[in-house]
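Using our numbering, you'd call the opening residue of the sequence shown number 17 and step up by one each time.
Yeah, the Cβ is synthetic: ideal placement off N, Cα and C, and Gly gets one too.
Predicted, not measured: the structure shown is a model, and the values here were computed from it.
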Amino acid sequence: MEILDIQLFQIIVENSYDYLVAFSSILAQSIEDPDILGQMQDAWNNFLESGQAWALAIGAFLGYTFKGFTG
Numbered sequence: 017m018e019i020l021d022i023q024l025f026q027i028i029v030e031n032s033y034d035y036l037v038a039f040s041s042i043l044a045q046s047i048e049d050p051d052i053l054g055q056m057q058d059a060w061n062n063f064l065e066s067g068q069a070w071a072l073a074i075g076a077f078l079g080y081t082f083k084g085f086t087g
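Now the structure itself:
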């Protein structure tokens, strides 16, 4: 039974090797700007300044209104 377990483990490792190599390369990336909260704040400010917030609000309102006509 132990031989079967070892063979099964070897098959799993051989089949997942490509995945593990790709995953480890993602983990090995260096982060140039680690200020995550600052990046989120910049993205939110850009969202507001570019008018996308108004487009979202108008689209939600019109979508809800037209849903009432077809519902």
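Tell me the residue span of the alpha helix (DSSP H) that contains residue i.
| i | result |
| --- | --- |
| residue 51 | Per DSSP, residue 51 belongs to no alpha helix (DSSP H) and is neither H nor E. |
| residue 75 | 68-86 |
Check this for me: beta carbons of residue i and residue j, under 8 angstroms apart or not?
| i | j | result |
| --- | --- | --- |
| residue 49 | residue 55 | yes |
| residue 77 | residue 69 | no |
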